[in-house]
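Shown next, in structure tokens, is the structure this report addresses.
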Amino acid sequence: MLNKTSFFRAVTDAMTLPKSSFEVIFAGRSNVGKSAVINSLCGQKNLARTSKTPGRTRSVNVYSVEMGKWLIDLPGYGFARVNPMEKALWQEMAHKCIVIRQTKKTVFVVIDGFIGPTELDFDMFDYLKSYGIDFKAILNKCDKIPKSANVKDEEVYGEAQKKAAFDLKIDAEKIFALSARKQIGIENLRKTVEKLLHSV
Ligand SMILES: Nc1nc2c(ncn2[C@@H]2O[C@H](COP(=O)(O)OP(=O)(O)OP(=O)(O)O)[C@@H](O)[C@H]2O)c(=O)[nH]1
Ligand SMILES: [Mg+2]
181 MLNKTSFFRA
191 VTDAMTLPKS
201 SFEVIFAGRS
211 NVGKSAVINS
221 LCGQKNLART
231 SKTPGRTRSV
241 NVYSVEMGKW
251 LIDLPGYGFA
261 RVNPMEKALW
271 QEMAHKCIVI
281 RQTKKTVFVV
291 IDGFIGPTEL
301 DFDMFDYLKS
311 YGIDFKAILN
321 KCDKIPKSAN
331 VKDEEVYGEA
341 QKKAAFDLKI
351 DAEKIFALSA
361 RKQIGIENLR
371 KTVEKLLHSV
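Per the working numbering, the sequence shown starts with residue 181, numbered consecutively.
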């Protein structure tokens, strides 16, 4: 189902979007690989634009999996070069999309699996909790975690998942440790996303 996903719309004001039946939203710090995760989830290289330069995604980008079932790529937060004005605009853009717009949704907070959750990520989880928004976490770029040759990827990714569960105080089942670049751990995420989209 996800391989049929296509670009739907890019907006700055989420309130201008039509009705949906379910939205899977990807939020997270700039450059953690939100757009890359969407691409590997959909098995399409160039669906969402990725970049080495943080701050690539500047609008709320909506991708349609099926009629009314969307994946949403949000601009990243915590990008050092944005001025306070832009920061406020980001907050408004995300707040409208995540909170004001009342739709069925799950927010996946994408975290850098090598760096681990930062203060900004903790703030994001607190924010989602305070508004009662359903959320999960993705630890992307786990391929960057150093490992010795005889250790399996699953072990390394499993450890990262456990550590994040402890740090974030959330169930390990809600955390997906993966590498969008190396396509490791994507299948598990795909199943979960498909299940969410099928739930309506
Ligand atoms: N090593 C590694 N690099 C990755 C992975 N996923 C993405 N990247 C790289 O990280 C950079 C940022 O990826 P994007 O997908 O553009 O990140 P983003 O979170 O959408 O960034 P913004 O749109 O700026 O918020 C790119 O250079 C990607 O190639 C991964 O799993 N492993
Ligand atoms: Mg992006």
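For glycine and all other residues, C-beta sits at the position ideal for the given N, C-alpha and C.
Whole-Å CB distance - residue i paired with residue j, under 8 Å assumed
i	j	result
Leu319	Phe356	7 Å
Lys199	Val245	Lys199 to Val245, Cβ: 15 Å. No contact.
Phe288	Lys267	Not quite, the Cβ-Cβ distance comes to about 22 Å (not below 8 Å), so this is no contact.
Phe305	Trp250	Wrong, their Cβ atoms sit about 22 Å apart, outside the cutoff.
Burial state of residue i (16 or more Cβ within 10 Å)
i	result
Pro326	exposed
Lys362	exposed
Met273	buried
Ile218	buried
Gly365	buried
Gly312	exposed
Glu203	buried
Leu324	Per the sequence shown, residue 324 should be read as Lys rather than Leu. Exposed, by the Cβ-count rule.
Ile295	exposed
Val331	exposed
Val212	buried
Asp301	buried
CB contact flag (residue i, residue j, <8 Å)
i	j	result
Tyr243	Ser210	no
Ser220	Ala360	yes
Ala207	Leu254	yes
Gly223	Leu182	yes
Val290	Lys214	yes
Leu348	Pro297	yes
Ala194	Asn241	no
Lys321	Gly338	no
Asp314	Lys285	yes
Ser201	Val373	no
Ile280	Ile205	no
Arg229	Arg238	no
Ala345	Asp351	yes
Those residues which DSSP pairs with residue i across a bridge
i	result
Asp253	Phe206 and Asn241
Asp351	Partner(s): none; Asp351 has no beta bridge.
Glu246	Lys249
Leu227	Paired residue(s): none; Leu227 is not in a bridge.
Ala194	DSSP, once it has assigned bridges, lists no residue as partnering Ala194.
Phe319	With the sequence shown as reference, residue 319 is identified as Leu, and Phe is not the correct amino acid for it. Leu319 is bridged to Ile291 and Ala357.
Ile364	Ser359
Arg189	Val242
Ile286	Here residue 286 turns out to be Thr, not Ile, going by the sequence shown. Val204, per the DSSP bridge assignment.
Taking a cut-off of 6 Å, which residues have a beta-carbon closer than that to any heavy atom of ligand 2, in chain order? Lys214, Ser215, Arg236, Thr237 and Asp253
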